[in-house]
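In numbering that gives the first Met the number 0, the protein residues as written are 0 to 124.
We put the beta carbon where it would ideally sit given N, CA and C, even for glycine.
Values in this document were obtained by computation on a predicted structure and should not be read as measured data.
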Amino acid sequence: MLSPLRYMLFCCCLLIGNFLNAQKITGTWEGYMNEEFIQINIEQKGNELCGYTYDYELRNRASHCRATFSGRYDPEEELFFISGNSFMENSGSHVSMRIILWYAKHDGRTILAGQVYTGGMPAYF
């Protein structure tokens, strides 16, 4: 279950060189945010994003949700903005998320990093 606080999530998936250069994010990204596993399934067409997320509590896998989202890529800021649209499943008290993603270096590897919001959003979102 997410609280209204911001979380950092690091999706530890390596990027293919030409995939990174094109700033494409299409694919399935998996990682952990505090006490939850999250999977983000993204399709990018131009600067538009769509897809769905799946997450569950690590201590209680029965508490899970699957939600659709839409979003956009900002090429100037090199950020991906995702906003939840609706739940396809919600077995617990999960709430709609907004996520900002970016490419980062971690231990010499390129990863997808992000920040999750469940309450107020930064002004530029």
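| Of the residues Glu77, Ser95, Asn46, which one's Cα is nearest the Cα of threonine 67? | Ser95
| query | Taking the C-alpha atoms as reference points, what is the distance between glycine 30 and asparagine 46? | reply | 23 Å
| message | What ranges does the beta strand (DSSP E) occupy inside the segment 73 to 106, keeping only unbroken runs of at least 3 residues that lie completely in it? | response | 78 to 89, 97 to 105
| field | Whole-angstrom distance between tyrosine 51 and serine 105, CA atom to CA atom | value | Looking at the sequence itself, residue 105 is histidine, so the reference to serine does not match. So the two alpha carbons sit approximately 25 Å from each other.
| query | Are there 16 or more other CB atoms within 10 angstroms of the CB of glycine 107, so buried, or fewer, so exposed? | reply | exposed
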